[in-house]
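Participant: Take the sequence shown: its position 31, counting from 1, is numbered 31 in the UniProt record's numbering, and each next residue is one higher. Note that CB positions come from ideal geometry on N, CA and C, so glycine has one too. What follows is a structure written as structure tokens; I'll ask about it next.
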Amino acid sequence: MIRTRLAALLLGLAVALAAPGPARAADFVAAGVPKNIAASRDYGAIFRHLRDNGIDMFFPTFQYQEVPAPRSFGFESDFTPPCSGNAPAFAALRASGVRLVMPAELLYPDPGRINRVSVAADPLTQLIACAGRANIGAVTNYDEAAMHGIPESAAQALYNRVKQIDPSLPVLMVHGPIVIDKPQFSSDAKVQGYLQKVVRYSRHADAVGFDVYPVPSPIAKIATPGSKRAVVSPEQAIAGYAGFLKANFPQKDTLLVLQGFAYTDLYERGFLEANVPAAMRAMIPAPSRSQIDMMVGQAVSSGVDYIIWWGQAALKSTNAAPWPDILRAARRR
1 MIRTRLAALL
11 LGLAVALAAP
21 GPARAADFVA
31 AGVPKNIAAS
41 RDYGAIFRHL
51 RDNGIDMFFP
61 TFQYQEVPAP
71 RSFGFESDFT
81 PPCSGNAPAF
91 AALRASGVRL
101 VMPAELLYPD
111 PGRINRVSVA
121 ADPLTQLIAC
131 AGRANIGAVT
141 NYDEAAMHGI
151 PESAAQALYN
161 RVKQIDPSLP
171 VLMVHGPIVI
181 DKPQFSSDAK
191 VQGYLQKVVR
201 YSRHADAVGF
211 DVYPVPSPIA
221 KIATPGSKRA
231 VVSPEQAIAG
241 YAGFLKANFP
251 QKDTLLVLQG
261 FAYTDLYERG
271 FLEANVPAAM
281 RAMIPAPSRS
291 QIDMMVGQAV
301 SSGVDYIIWW
311 GQAALKSTNA
321 APWPDILRAA
331 RRR
């Protein structure tokens with residue numbers, strides 16, 4: 001889901017809180033799992049851990065560090081074509097009932113080649129054969145494409161190819177939030193131009209949403225579409241983006257990618273200690289239980305269809321905050 005970055009948001013808190021409840025329960029999606037269980041490569045244990053705690057889908061990322069350089073266990077390859085249906089990852093997936101959310105970047109790392117491969121040889125066709133269609137919940141379009149300059153034609157080609165192979169398979173699109181210290185959001189006009197681009201790109205998706213990582217707001221530095229570039233509190237964040245989604249995409253499903261980490265978790269430990277004073281590190285916590293409950297409650301009240309948790313792959317263990325509180329929220333739905 002979805003590059004990690006600073007985030008916190010607002011728009012119409014009243015709009016989201018007054019909105020009717022969802023037509024169906026939101027699917028909970030885990031983008032990765034904490035390092036102690038991920039490193040085991042024991043997919044039976046991983047998928048049982050998710051299933052038994054109310055997680056419906058799994059996004060296969062094993063990246064556990066972002067700064068000073070991205071690092072991953074590299075196990076994404078266990079889910080990437082060419083593949084075998086007998087592979088442990090797919091056997092465990094089928095046995096668990098957890099469904100896969102597959103990122104475009106793993107299926108089609110070069111969007112220019114999407115239409116150069118026959119449908120029979122297409123990576124998605126291979127993935128369906130390995131996992132079984134019932135065990136694939138969705139495909140994500142290119143991450144934050146509108147923000148990062150990925151051509152709209154690439155998002156369109158991805159969407160069209162997925163629908164060519166299986167029209168029933170949902171395509172999800174995640175957009176980046178308005179981070180006010182980025183030059184591309186240095187004026188109201190630039191913000192509005194970006195939001196227009198978001199709406200345009202979202203034509204190539206069945207479900208649309210944003211990354212929302214709002215804790216703590218002085219670090220996240222995120223505004224919402226309606227806050228006029230003002231940084232908002234975590235309490236305002238979810239409602240702001242959920243309101244924008246409801247207003248602009250009434251015929252689409254919606255999603256929110258929520259914060260499963262503290263910003264300090266994204267750093268290599270030695271680099272963090274050398275560059276961020278201990279007093280400052282202490283001011284950058286993971287979301288608390290009440291904040292996790294608040295984020296989930298507002299997302300559900302707003303009718304969001306997919307709640308995706310991102311960043312927990314950077315946590316040392318399944319006991320590290322906020323993972324236990326995320327699982328508690330998933331079980332309590």
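Using 8 angstroms as the threshold, is the stretch 138 to 145 in touch with the stretch 180 to 187, meaning 3 or more CB pairs across them?
Facilitator: Not touching, per the Cβ criterion.
Participant: Does DSSP classify G44 as helix, strand or coil?
Facilitator: Here residue 44 refers to the residue found at position 44 of the sequence shown. G44: helix per DSSP, three-state reduction.
Participant: Please specify which runs of the alpha helix (DSSP H), each continuous and at least 4 residues long, are wholly inside the stretch 72 to 149, giving them in chain order.
Facilitator: Those alpha helix (DSSP H) runs which fall completely within the stretch 72 to 149 and span 4+ residues are 88 to 96, 104 to 107, 123 to 131, 145 to 148.
Participant: Mind checking A330: buried by the 16 CB within 10 Å criterion, or exposed?
Facilitator: Taking the first residue of the sequence shown as 1, we reach residue 330 at position 330. The residue is buried, with at least 16 neighbouring Cβ atoms inside 10 Å.
Participant: Please list the terminal residues of the continuous alpha helix (DSSP H) segment that includes M173.
Facilitator: Walking along the sequence shown from the start, residue 173 turns up at place 173. Counting along the chain, M173 falls outside any alpha helix (DSSP H), though it belongs to the beta strand (DSSP E) covering 171 to 175.
Participant: Please identify the residue among Y263, N53, V98, V171 whose C-alpha is closest to the C-alpha of L315.
Facilitator: The residue given as residue 315 occupies position 315 in the sequence shown. L315 has its Cα closest to that of Y263, out of Y263, N53, V98, V171.
Participant: Which term fits A89, buried or exposed, when burial requires 16 or more other beta carbons within 10 angstroms of its beta carbon?
Facilitator: Within the sequence shown, the letter at position 89 stands for residue 89. So A89 counts as buried.
Participant: Taking 6 angstroms as the limit between beta carbons, can you name the residues of its chain near E268, skipping five residues before and five after?
Facilitator: Here residue 268 refers to the residue found at position 268 of the sequence shown. Within the same chain, E268 has close Cβ partners Q65.
Participant: By how many angstroms is the C-alpha of A220 removed from the C-alpha of V276?
Facilitator: The count along the sequence shown starts at 1 and reaches residue 276 at position 276. The count along the sequence shown starts at 1 and reaches residue 220 at position 220. Going from the Cα of V276 to the Cα of A220 covers about 16 angstroms.
Participant: How should P109 be labelled, buried or exposed, when 16 other C-beta atoms within 10 angstroms of its C-beta is the threshold for buried?
Facilitator: Translated into the one-based positions of the sequence shown, residue 109 becomes position 109. So P109 counts as exposed.
Participant: In three-state DSSP terms, what is P22?
Facilitator: Looking up residue 22 in the sequence shown gives position 22. Residue placement at P22 cannot be trusted, given a pLDDT of 37 that sits under 50; what the coordinates show is reported in the next sentence. Coil, per DSSP.
Participant: Counting only runs that start and end within the stretch 177 to 250, where is the alpha helix (DSSP H) found for 4 or more residues in a row?
Facilitator: Runs of the alpha helix (DSSP H) inside the stretch 177 to 250: 188 to 201, 217 to 220, 234 to 248.
Participant: What is the DSSP secondary structure of T254, reduced to helix, strand or coil?
Facilitator: Translated into the one-based positions of the sequence shown, residue 254 becomes position 254. In this structure, T254 counts as strand in the three-state DSSP scheme.
Participant: From A120 to I165, what distance separates their C-alpha atoms?
Facilitator: Stepping through the sequence shown from its first residue, residue 120 is reached at position 120. Stepping through the sequence shown from its first residue, residue 165 is reached at position 165. The straight-line gap from Cα to Cα measures roughly 9 angstroms.
Participant: Which same chain residues end up closer than 6 angstroms to N36 when comparing Cβ atoms and leaving out the 5 residues on each side of it in sequence?
Facilitator: By 1-based counting over the sequence shown, the position of residue 36 is 36. These residues qualify, in order along the chain: S317.
Participant: Given that a residue counts as buried once 16 or more other Cβ atoms are within 10 Å of its Cβ, and exposed if not, what is M295?
Facilitator: Within the sequence shown, numbered from 1, the residue matching residue 295 stands at position 295. With 16 or more other Cβ atoms within 10 Å, it is buried.
Participant: Taking only the alpha-carbon atoms, compute the straight-line gap between F210 and V33 and give it to the nearest angstrom.
Facilitator: Numbered from its first residue, the sequence shown carries residue 210 at position 210. Numbered from its first residue, the sequence shown carries residue 33 at position 33. Their backbone Cα atoms lie some 21 angstroms apart in a straight line.
Participant: Who are the Cβ neighbours of A157 in its own chain at under 7 angstroms, not counting the five residues just before and after it?
Facilitator: For the purposes of this step, residue 157 is taken as the residue at position 157 of the sequence shown. These residues qualify, in order along the chain: P111, I114, N115.
Participant: Apart from the five residues on each side of it in sequence, which residues of its chain come closer than 7 angstroms, Cβ to Cβ, to Q291?
Facilitator: The sequence position of residue 291 within the sequence shown is 291, counting from 1. For Q291, where only same-chain residues beyond five positions count, the Cβ hits under 7 angstroms are V215, P234.
Participant: Could you give the distance in angstroms between the alpha-carbon of Q126 and the alpha-carbon of C83?
Facilitator: Mapped onto the sequence shown, residue 126 falls at position 126. Mapped onto the sequence shown, residue 83 falls at position 83. The straight-line gap from Cα to Cα measures roughly 7 angstroms.
Participant: Use the C-beta contact count for D265: other C-beta atoms within 10 angstroms, 16 or more gives buried, fewer gives exposed.
Facilitator: Here the question's residue 265 lines up with position 265 in the sequence shown. So D265 counts as buried.
Participant: Okay, do the stretch 127 to 136 and the stretch 184 to 198 touch, 3+ Cβ pairs below 8 angstroms being the bar?
Facilitator: No, because fewer than three Cβ pairs between the stretch 127 to 136 and the stretch 184 to 198 fall closer than 8 angstroms, the two stretches do not touch.
Participant: Relative to the C-alpha of A299, which residue among T254, L327, P324, A313 is closest?
Facilitator: For the purposes of this step, residue 299 is identified with residue 299 of the sequence shown, where counting begins at 1. Considering only alpha carbons, the answer is T254.
Participant: Does DSSP classify M57 as helix, strand or coil?
Facilitator: Residue mapping note: residue 57 aligns to position 57 of the sequence shown, counting from 1. Strand.
Participant: Take V257 as the anchor and find which of P285, G226, A207, M283 has the nearest alpha-carbon.
Facilitator: Counted from its first residue, the sequence shown places residue 257 at position 257. The candidate whose alpha carbon is nearest that of V257 is A207.
Participant: Quick one, are the C-beta atoms of V304 and A95 less than 9 angstroms apart?
Facilitator: Here the question's residue 304 lines up with position 304 in the sequence shown. Here the question's residue 95 lines up with position 95 in the sequence shown. No, Cβ-Cβ distance for V304 and A95 is not below 9 angstroms.
Participant: Taking C-beta to C-beta, are V231 and P218 nearer than 9 angstroms?
Facilitator: For the purposes of this step, residue 231 is taken as the residue at position 231 of the sequence shown. For the purposes of this step, residue 218 is taken as the residue at position 218 of the sequence shown. Yes. Within cutoff.
Participant: Helix, strand or coil: how does DSSP classify F271 here?
Facilitator: For the purposes of this step, residue 271 is identified with residue 271 of the sequence shown, where counting begins at 1. Three-state result, F271: helix.
Participant: Going by C-alpha to C-alpha distance, which of V117, G226, H175, S301 sits closest to S202?
Facilitator: Taking the first residue of the sequence shown as position 1, residue 202 is located at position 202. If we check each option's Cα against that of S202, H175 comes out closest.
Participant: If you check the beta carbons only, do A104 and W309 fall under 9 angstroms apart?
Facilitator: Against the sequence shown, residue 104 aligns to sequence position 104. Against the sequence shown, residue 309 aligns to sequence position 309. Cβ distance not < 9 angstroms, so A104 and W309 don't count as in contact.
Participant: What does a CB cutoff of less than 7 angstroms around P68 pick up in its chain, not counting 5 residues either side in sequence?
Facilitator: Counting from 1 along the sequence shown, the entry for residue 68 is found at position 68. Excluding positions up to five away in sequence, the list reads E268, F271.
Participant: One question on the structure: do Q259 and P225 come within less than 9 angstroms of each other, judged by their Cβ atoms?
Facilitator: Working through the sequence shown from its first residue, we reach residue 259 at position 259. Working through the sequence shown from its first residue, we reach residue 225 at position 225. It is not a contact, given that the beta carbons lie outside the stated cut-off.
Participant: Mind checking M280: buried by the 16 CB within 10 Å criterion, or exposed?
Facilitator: Sequence index remark: in the sequence shown, residue 280 carries index 280 (1-based). The residue in question, M280, is exposed, as its Cβ has fewer than 16 Cβ neighbours within 10 Å.
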